[in-house]
Every structure is written in structure tokens, then in C-alpha cells.
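Colleague:
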Amino acid sequence: MIYLDNAATTPVDGDVLEAMLPYMTNDFGNPQSQHSAGRTAANAVVAARDKIAHISGCMPEEVYFVSGGTEAGNTALKGVCAAHKKGHIVVSALEHPSVTESAEDMRKFGFDLTVVYPDNRGIVSPQSVFKAMREDTVFCAVMAANNEVGTVQPVQAIGDECKKRGIFFYCDCVQSAGCMPFPTAHCDALAFSAHKIYGPKGIGALYVKSGANISRLISGGMQERGFRGGTLNAAAVVGLAAALEKAVGERERNNAHILSLRERFIGRVLSEIEGVRLNGDRELRVPSNANMSFDGCEGENILFLLDLNGIAVSTGSACSAGAVTPSGVLLSMGFSEERAKSAVRFTFGKYNTDKDVDEAVEALKRSVNKIRSVGK
Ligand code: PLP
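Here it is in C-alpha cells:
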């Protein structure tokens, strides 16, 4: 298989898995237990928390382990709303559903909601976010990098303005983790997920600035200082820290390699296939992402034909009740339904090669030609 869907998930690296294994077998104790088996697991969790805090530029007690980006987005938004009981929320239209759907949930509970749209490059301007802010705004979310078009957002400026106005700022760093530093000093909360950086699924970290006005979402035992109940998965926590440490250590090398694959791909596709448009700013995007629309094709059909050729990609479209709904992110950038429905997302990873790119381009040419010839 040629895997070009690295924004969806990545494989677990062998050394990350090795670091995790002892906590699933010999050292399986519950980190809450007071006996030595528990303490061994708890010590591993402490070391992982310290590592993540050091890399993120925060204090260990500001790191909370959660199940991933989805739980983090829900916790940040709903936790702040629960603490305030009423008020106004600002979120960008580019946000992951963990934020947009949480905002909708809170709207139903009486909060006011303003959604800020990006420009046609897929960038949310700080001014448009400032304009949306009100006296009673309690929460604002703008992600570091978008998951569909990969565009990088001006989160520092937005976070700094939120700080001035006393608005809680949440930055989803799920897609930027590894390839970009965390904007910790500019946020009240940020999050990342292990499975996007060659770590295990079902584990992520949520940074929450100490003293922030936020309530917990998951009640239970006293795990995570009473903020998030549930027995910690020590093995996954160890995997998360190991994956992050590795990603940061390899950042320059991986970014250069992945960018060169992405540019080779975009260059060839734009010059060798007619009627193709790149979605999202070409420069202001994470190195891995190429999102392109193919005139006269449905993205879903390209996906299926590439899959038959052993190539894994994705579309931003959702299939519900047998009908394809175009990506909300592409529509929010002002694109037509047709352009949005014809989009395919290719996301490159550190294990991809030039050969993968060339084979994918050849298969893509054949697929697009086939679809267009049927449509004539
Ligand atoms: N935020 C972004 C930007 C994402 O891309 C994703 C997953 O694709 C998530 C949040 C959700 O993360 P998780 O899969 O860890 O719940």
C-alpha cells in the first residue's frame, strides 16, 4: 500500500511501541495503586508528563492526559462554558468537529455563537476574529493548522488579543504537533494527539494554563488531579511522550523530506493533469498537506479508484444517507459545491518516498482520465 493519508493517522513507530510494551505486560499496575506495581506505572506517567511539559514549555501540572483531540476540544469548550454558565463563544469555521459541534451543543444550552470564516486561502485573519469578540465573550478557538487543507493560522496574534481581553483561548494543535512548535505561551489551552505523530491511538494531551477558569467534563476518581476521571493508560501515556519526543527530535529532517515529497507531487500534478486546483495557501500550510480539486470528478470516485491501485487518500466529504455532503471547510473558504466535492486530500509522511509520489501521480492520471471519459 502507498499510504498518503498521514493526516488521518500514522503507524506506531517500533521504538515507541517498545517503550510502551512493559506497561501492558510486566509493569501493568494501576498508576493510582499504592503498592510498588502501581508506583512503577505512576513513575512512568510522571516521567512522560515531565517530558511533555518540557517540550511544550509548560509546567507538568498543566498537562492532562485525555483520549485525544476530540476529548480535548470538548473539554476545553464545554469546560469553559460550564464555568461561566452564560456568554458568547467565537470559533473559526476551520475547526475540527470536536470544537464546532461542541460549540453547537453549547448554543443549544443558551450560549451565543459566532463562527469566523477564513479567506479563500484557508486563513482566518486575526482582525476578523477580533471583530467577532464581544464584552461577554468567554471562549475563542482557532486551530494551529487545519486538518483538511493544512493551512497554518495566525494563532499567536489571536491568542495575545484574547489574553488582553480575558477570553479563554483554545488552540487545537493536533495537525501541527511534531512539525511546528506549540504556541503554549499564547494559549490558555492546547491539545495534541499521539496517533498523528507515530504514536498509539486513544491518547492525547491537553495543556490547560494553571488558574484558568474551566470545569471538568469527566467526573470520576481523583485521576489527573480530579480534572479527568478514569484509570490512566500508562502504556499509552508513555507512547505519547515517546512519540512527541521523537517527532520533535526529527522535526527538521522530517519536515524537509515531507516537504520535498509534497512539492514533487504538487508540481507534477499541476503540470501533468489539466483542470486541477490546489486548495489552501501554497506556502502557509504544514509540509505534509496537498489538497486538490479535479474538475469534472467527484473526490470520492478518485479515492475509490486510487484505493483499487493500493493508494490510500481521503476526501473532506462526508457520506450520510447515501448522499455525499461536500466539505464544510472548503465551502467556508468560498468554494463552490462542485469544487468542494471534487477535492482529494493527499497527506505525506516520513515513510513515503519519491517512488510513492511518482506511482501515485501515475495512478491519479489514469483515475482522473477514466472518470472524465465516463462523464463525457
Ligand atoms: N483536531 C484535529 C485538527 C484533527 O485532525 C483531529 C483528528 O483528525 C482531531 C482534532 C481529533 O483527534 P482524535 O482523533 O485524537 O480524537
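Counted from 1, the sequence shown has number 153 at position 152 by this note's numbering; the numbering is strictly sequential. Virtual Cβ for every residue (Gly too), placed ideally from N, Cα, C.
Would you check if the distance between the CB atom of residue 198 and the CB atom of residue 237 is smaller than 8 Å?
Modeller: no
Colleague: So, helix, strand or coil for residue 36, using DSSP?
Modeller: coil
Colleague: Pick out the complete alpha helix (DSSP H) segments inside the stretch 90-159, 4 residues or longer, and give them in chain order.
Modeller: 98-109, 127-133
Colleague: What does DSSP give as the partner residues of residue 209 in its beta bridges?
Modeller: For residue 209, which the question treats as bridged, DSSP gives the partners 190.
Colleague: For the alpha helix (DSSP H) containing residue 343, name the first residue and the last one.
Modeller: Note, residue 343: premise wrong, no alpha helix (DSSP H); not H, not E.
Colleague: By a C-beta neighbour count over all protein chains shown, 10 Å radius and 16 as the cutoff for buried, is residue 283 buried or exposed?
Modeller: Of the residues assessed, residue 283 falls on the exposed side of the cut-off, its CB having fewer than 16 other CB atoms within 10 angstroms.
Colleague: Tell me residue 385's beta-bridge partners as DSSP assigns them.
Modeller: Only positions 2 to 377 of the chain appear in the structure, and residue 385 is not among them; the question remains open.
Colleague: Whose C-beta lies closer than 6 Å to the C-beta of residue 77 among residues of the same chain, with five residues either side of it excluded?
Modeller: 171, 190
Colleague: Based on DSSP bridge pairs, tell me the residues matched to residue 64.
Modeller: 208
Colleague: According to DSSP, simplified to helix, strand and coil, what is residue 267?
Modeller: helix
Colleague: I think residue 162 touches residue 131, with their Cβ atoms under 8 Å apart; what is that distance to the nearest whole Å?
Modeller: 6 Å
Colleague: Below 8 Å on the Cβ atoms is my guess for residue 150 versus residue 123; work out the distance and round it to an integer in Å.
Modeller: 4 Å
Colleague: Please determine whether the Cβ atom of residue 256 lies at a distance below 7 Å from any heavy atom of the ligand PLP.
Modeller: Residue 256 has its CB no nearer than 7 Å to any heavy atom of the ligand PLP.
Colleague: So, at 8 Å on beta carbons, what are the nonlocal neighbours of residue 242 in its own chain, with the 5 sequence-adjacent residues on each side left out?
Modeller: 48, 49, 50, 52, 53
Colleague: Beta-carbon separation of residue 256 and residue 5 under 8 Å?
Modeller: no
Colleague: Do the stretch 311-318 and the stretch 33-42 touch if we need at least three Cβ pairs shorter than 8 Å?
Modeller: Counting C-beta pairs closer than 8 Å gives fewer than three between the stretch 311-318 and the stretch 33-42, which falls short of the contact rule.
Colleague: Please confirm whether residue 219 and residue 229 have their CB atoms less than 8 Å apart.
Modeller: yes
Colleague: Taking the straight line between their C-alpha atoms, what separation do you get for residue 346 and residue 88?
Modeller: 36 Å
Colleague: According to DSSP, is residue 305 helix, strand or coil?
Modeller: DSSP places residue 305 in helix when its eight states are reduced to three.
Colleague: Which residue marks the beginning of the alpha helix (DSSP H) containing residue 20, and which one marks its end?
Modeller: 15-21
Colleague: Confirm the yes/no value for this check: CB of residue 101, any heavy atom of the ligand PLP, distance under 7 Å.
Modeller: no
Colleague: Does DSSP put residue 217 in a helix, in a strand, or in coil?
Modeller: Correct three-state label for residue 217: coil.
Colleague: Please list, in chain order, all residues of the same chain as residue 267 whose beta carbon is under 6 Å from its beta carbon, the five residues on each side excluded.
Modeller: 291
Colleague: Would you mind listing the alpha helix (DSSP H) stretches within the stretch 228-281 that are 4+ residues and don't spill past its ends, in chain order?
Modeller: Segments of the alpha helix (DSSP H) lying fully in the stretch 228-281: 235-250, 252-273.
Colleague: For residue 116, which residues from the same chain have a beta carbon less than 7 Å from its beta carbon, with the 5 sequence-adjacent residues on both sides left out?
Modeller: 92, 94
Colleague: Quick test of your reading: residue 21 and residue 201, contact by CB under 8 Å. State the CB separation rounded to the nearest angstrom.
Modeller: Yes, they are in contact, since the Cβ atoms of residue 21 and residue 201 sit about 7 Å apart, within 8 Å.
Colleague: Heavy atom of the ligand PLP less than 7 Å from the Cβ of residue 173, yes or no?
Modeller: The ligand PLP approaches residue 173 closely enough that one of its heavy atoms is under 7 Å from the residue's Cβ.
Colleague: Which of the three DSSP states is assigned to residue 76 in this structure?
Modeller: helix
Colleague: According to DSSP, is residue 313 helix, strand or coil?
Modeller: The answer is strand: DSSP assigns residue 313 an E or B state.
Colleague: For the 8 Å Cβ check, are there 3 or more pairs between the stretch 95-114 and the stretch 134-145?
Modeller: yes
Colleague: Taking the straight line between their C-alpha atoms, what separation do you get for residue 56 and residue 11?
Modeller: If you take the alpha carbons of residue 56 and residue 11, they lie about 21 Å apart.
Colleague: What is the C-beta distance between residue 119 and residue 333, in whole angstroms, given that I count them as a contact (C-beta under 8 Å)?
Modeller: 6 Å
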